[in-house]
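The opening residue of the sequence shown carries number 1 in this note's numbering; numbering runs sequentially from there.
Glycine is no exception: its CB is placed at the ideal position from the N, C-alpha and C atoms.
None of the values given here were measured: they were computed from a predicted structure.
For reference, the structure discussed in these notes is given below.
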Amino acid sequence: MHLEGKNEDASPVDATSTRKAWLTLAGAFLLQFVAVGPIMSFGVFQDFYSTDFLESHSASDISWIGGVQLFLYLGCGALGGKMYDSGFRRLTFVCGSLVHVVSFFMLSLAKRDRYYQVMLSQGIGIGLGAALVYVPTFTVVVPHFKAHRALVMGILSTSTPLATIVFTILFNEMIFHGPGFAWAVRTGAFLCSAGFVLGQLMISFVVPQSTDLTSQKPEDSTLSHSLRASSYLLTLLAGFSAQLGTLFPTFYLQTFAQAHGFSKALVLYIPVIMNAATIFGRIIPNLAADKWGPVEVYIPCLAANGVVAFGMLGAQNTAGLVCFAIFFGFFFGSSISLYFPVVAALVPKEGQMGRMLGYALLPVGVSSLVGPPIAGKIIGPSTSMHWWKGIIFSAANHAARQLHDSSRRTYGSQAQIQVIAVVVLGNRSFFPILISTSMRVGRICPRRVFSANWPGVASKIALCG
């Protein structure tokens, strides 16, 4: 007996209804705001845990908490997408909201130096709750808009930087200058509870045109073919490559500013500046994507992101740090917001949107899990951090992602060439690891080796890119 989700909650809504469409966008925006905001503001927790709450643990150990969060919220997105496509639309949002909020409140009860308590509540609980909400927020919005979908998805994705700004300020002020960790977390949990309830009241569902069981097998066959398409697989591989290093500035920029002796005010608000810049990066390039195509805009944004990441090496004063935060935030936002429009262009049927978007997040989630801890190992312990190694790690992985061509025209020998290019570009990710190992084994001065080898490395990157 085939169990199919019930659709009584998904009343047939006219996809051209302006009021319902924009109300759904606003509701999805709010749901994504409260689901992802606490995760993307982990830089505050990274700073607090490494200097106070979990100070007996290394930066790499603490990064695993944020990495697990990201892995579950991205890597398990296919679970939320599958539930949504199966008809359990409202139930998906309700389950995700409950898991997220309960875990958030449990985090406030965690004890000092109890690493496992923080990992279970913040790493696993909040990450899994966000996973059930994140992909469906895109899936519920897309059918309401037949045109300008890249712009709409860009607007929706701006909820993440806005939420990061709000939660970063909230946690910074309450943890470091207010009532402390426990009540800061509880305040965030209350805010999320209100957002989840209000957001679910605002959204409406569009029923796919074909929902009968007789069409299930052909649809599954089409989905299987789409998932095996070389263009789709290469898009996923490109997403994995960049995400492996992309979160280094997000997680470590505040700690970087503190370690380099910047003012307390700048240390607290540099993540806010970076996330404010990502808002513009998630809208302006998406406007261009609706005109010229998502892939055509996606590639140069990725290339620029890789170049700008190297700028963290020169962020040695206030002006340099602020400029880096602005430019990195802009291109980081564009590379994130354009990923879904590129994937959505490969989806043959709207009824498969949730699953294909969810599967596209799986490799991104895996790289999010291992990326921050690898970066933490590369820069070393908190007593003697080698920042340049982490910066090169981040920049190299950004550059590796700029592999992508016109998705629907990638077949035959062209696909083989692109696979080879992915491998070549991806191998750049191991460059900082090899450099780091040689530094420790050979006791060679990192600054001297870097200056001596940089011209050759730069030329290789230019040739590969």
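Closest residue to serine 193 among Pro271, Gly180, His100 and Arg112 (Cα-Cα distance): Translated into positions along the sequence shown, residue 193 becomes position 193. Among Pro271, Gly180, His100 and Arg112, the Cα nearest to that of serine 193 is on His100.
C-beta contact flag for isoleucine 273 and alanine 325 at 8 Å: As a working note, residue 273 is residue 273 in the sequence shown. As a working note, residue 325 is residue 325 in the sequence shown. The answer is yes: Cβ separation under 8 Å.
Spatial neighbours of phenylalanine 181 in its chain, beta-carbon cut-off 6 Å, leaving aside the 5 residues before and after: Here residue 181 corresponds to residue number 181 of the sequence shown, with the count starting at 1. Spatial neighbours of phenylalanine 181 in its own chain (CB-CB distance under 6 Å, excluding positions within 5 residues in sequence) are listed in chain order as Ile175.
CB contact flag (serine 367, phenylalanine 240, <8 Å): In the sequence shown, counting from the first residue as 1, residue 367 sits at position 367. In the sequence shown, counting from the first residue as 1, residue 240 sits at position 240. Going by beta carbons, serine 367 and phenylalanine 240 fall inside the 8 Å limit.
Presumed contact (8 Å Cβ cut-off) between methionine 202 and glycine 77, rounded CB distance: By one-based count along the sequence shown, residue 202 stands at place 202. By one-based count along the sequence shown, residue 77 stands at place 77. Going by Cβ atoms, the distance from methionine 202 to glycine 77 rounds to 22 Å, so no, they are not a contact pair.
Residue environment, arginine 179, which counts as buried when at least 16 other CB atoms sit within 10 Å: Reading the sequence shown from its first residue, position 179 is the one you call residue 179. The sequence given here places proline at residue 179; arginine does not occur at that position. Counting Cβ neighbours within 10 Å, proline 179 comes out exposed, since fewer than 16 surround it.
Cα-Cα separation between glutamine 46 and glycine 261, rounded to whole angstroms: Within the sequence shown, numbered from 1, the residue matching residue 46 stands at position 46. Within the sequence shown, numbered from 1, the residue matching residue 261 stands at position 261. If you take the alpha carbons of glutamine 46 and glycine 261, they lie about 18 Å apart.
Aspartate 113 (DSSP reduced to helix, strand or coil): Here residue 113 refers to the residue found at position 113 when the sequence shown is read from its first residue. Here aspartate 113 sits in coil by DSSP.
CA nearest to the CA of methionine 167, picked from Phe251, Asp61, Thr187 and Lys82: Within the sequence shown, numbered from 1, the residue matching residue 167 stands at position 167. This sequence places phenylalanine at residue 167; methionine is not what is there. Closest by alpha carbon: Thr187.
Burial state of phenylalanine 332, where buried means 16 or more other Cβ atoms lie within 10 Å: Within the sequence shown, residue 332 is the residue found at index 332, counting from 1. Classified as buried, phenylalanine 332 has 16 or more neighbouring CB atoms from the shown chains inside 10 Å of its CB.
Among Asp113, Ile65, Leu132 and Leu120, the one whose alpha carbon lies nearest that of tyrosine 84: What you label residue 84 is simply residue 84 of the sequence shown in a count that begins at 1. Residue Leu132 is the option with its Cα nearest to tyrosine 84.
C-alpha distance - alanine 21 paired with valine 308, whole-angstrom precision: Working through the sequence shown from its first residue, we reach residue 21 at position 21. Working through the sequence shown from its first residue, we reach residue 308 at position 308. Going by C-alpha positions, alanine 21 is about 37 Å away from valine 308.
Whole-number beta carbon distance between phenylalanine 330 and phenylalanine 256, since they are thought to touch under 8 Å: Numbered from its first residue, the sequence shown carries residue 256 at position 256. Numbered from its first residue, the sequence shown carries residue 330 at position 330. About 19 Å separates the two Cβ atoms, so there is no contact after all.
Length of the line joining the Cα atoms of alanine 319 and threonine 18: If you number the sequence shown from 1, residue 319 lands on position 319. If you number the sequence shown from 1, residue 18 lands on position 18. If you draw a straight line from the Cα of alanine 319 to the Cα of threonine 18, it comes to about 44 Å.
Minimum C-alpha distance to isoleucine 124 - residue among Val267, Tyr73, Ala110 and Thr250: In the sequence shown, counting from the first residue as 1, residue 124 sits at position 124. Among Val267, Tyr73, Ala110 and Thr250, the Cα nearest to that of isoleucine 124 is on Tyr73.
Secondary structure of leucine 338, DSSP reduced to three states: As a first step, residue 338 is located in the sequence shown; it is residue number 338 there, counting from the start. Leucine 338 falls in the coil class under three-state DSSP.
Complete alpha helix (DSSP H) runs within the segment 136-205 (minimum length 4 residues, chain order): Within the segment 136-205, the complete alpha helix (DSSP H) runs of at least 4 residues are 149-157, 159-176 and 181-202.
Own chain, CB closer than 6 Å to leucine 128, minus 5 neighbours either side, in chain order: In the sequence shown, counting from the first residue as 1, residue 128 sits at position 128. Answer for leucine 128: Leu72 and Val99, listed in chain order.
Neighbourhood of tyrosine 49 by C-beta, 7 Å cutoff - its chain only, sequence neighbours within 5 removed: As a working note, residue 49 is residue 49 in the sequence shown. Closer than 7 Å at the Cβ level, and outside the excluded window around tyrosine 49, lie Ile62.
Whole-angstrom distance between leucine 287 and glutamate 296, CA atom to CA atom: Position 296 of the sequence shown, counted from the first residue, corresponds to residue 296. Position 287 of the sequence shown, counted from the first residue, corresponds to residue 287. For the pair glutamate 296 and leucine 287, the Cα-to-Cα distance works out to about 12 Å.
Assumed close pair alanine 163, phenylalanine 33 - CB separation to whole angstroms, cut-off 8 Å: As a working mapping, residue 163 is identified with position 163 in the sequence shown. As a working mapping, residue 33 is identified with position 33 in the sequence shown. The beta carbons of alanine 163 and phenylalanine 33 sit about 4 Å from each other, so the pair counts as a contact at 8 Å.
Secondary structure of lysine 20, DSSP reduced to three states: Against the sequence shown, residue 20 aligns to sequence position 20. Helix at lysine 20.
Same chain only: Cβ atoms within 7 Å of threonine 158, ignoring 5 sequence neighbours per side: For the purposes of this step, residue 158 is taken as the residue at position 158 of the sequence shown. Ile279, Arg282 and Ile283, listed in sequence order.
Assigned secondary structure, arginine 355 (DSSP; H/G/I helix, E/B strand, else coil): Within the sequence shown, the letter at position 355 stands for residue 355. In the three-state reduction of the DSSP assignment, arginine 355 falls in the helix class.
Distance CB(serine 337)-CB(glycine 154) smaller than 8 Å: Sequence index remark: in the sequence shown, residue 337 carries index 337 (1-based). Sequence index remark: in the sequence shown, residue 154 carries index 154 (1-based). Yes, the Cβ-Cβ distance between serine 337 and glycine 154 is below 8 Å.
Buried or exposed by the 16-neighbour rule on C-beta atoms within 10 Å, applied to histidine 144: Reading the sequence shown from its first residue, position 144 is the one you call residue 144. Histidine 144 is buried by the Cβ-count criterion.
Residue closest to valine 142, alpha-carbon to alpha-carbon, out of Tyr359, Asn275 and Met353: Counting from 1 along the sequence shown, the entry for residue 142 is found at position 142. Closest by C-alpha distance to valine 142, out of Tyr359, Asn275 and Met353, is Met353.
Sequence-distant residues of the same chain with beta carbon closer than 6 Å to arginine 355, five excluded per side: Locating residue 355 in the sequence shown gives position 355, where the first residue counts as 1. Only Gly81, Lys82 and Asp85 meet the Cβ criterion.
Alpha carbon of arginine 114 to alpha carbon of isoleucine 299, nearest angstrom: What you label residue 114 is simply residue 114 of the sequence shown in a count that begins at 1. What you label residue 299 is simply residue 299 of the sequence shown in a count that begins at 1. Just so you know, the alpha carbons of arginine 114 and isoleucine 299 end up roughly 43 Å apart.
N-terminal and C-terminal residue of the alpha helix (DSSP H) that serine 60 is part of: Position 60 of the sequence shown, counted from the first residue, corresponds to residue 60. From DSSP, the alpha helix (DSSP H) with serine 60 extends over 59-70.
Valine 185 vs leucine 107 beta-carbon contact at 8 Å: The residue labelled residue 185 in the question sits at position 185 within the sequence shown. The residue labelled residue 107 in the question sits at position 107 within the sequence shown. Result yes, Cβ atoms of valine 185 and leucine 107 sit closer than 8 Å.
Selection from Ala344, Ile126 and Glu55 that minimises the alpha carbon distance to arginine 112: Taking the first residue of the sequence shown as position 1, residue 112 is located at position 112. With distances taken between Cα atoms, arginine 112 lies closest to Glu55.
Three-state class that DSSP yields for asparagine 317 in the structure shown: Reading the sequence shown from its first residue, position 317 is the one you call residue 317. Note: asparagine 317 maps to coil in three-state DSSP.
Alanine 130 vs isoleucine 39 beta-carbon contact at 8 Å: On the sequence shown, residue 130 is found 130 positions in, with the first residue counted as 1. On the sequence shown, residue 39 is found 39 positions in, with the first residue counted as 1. If you check the CB distance, alanine 130 and isoleucine 39 come in under 8 Å.
Alpha-carbon to alpha-carbon, isoleucine 126 and phenylalanine 105: Residue mapping note: residue 105 aligns to position 105 of the sequence shown, counting from 1. Residue mapping note: residue 126 aligns to position 126 of the sequence shown, counting from 1. Spanning the alpha carbons of phenylalanine 105 and isoleucine 126 requires a straight line of approximately 10 Å.
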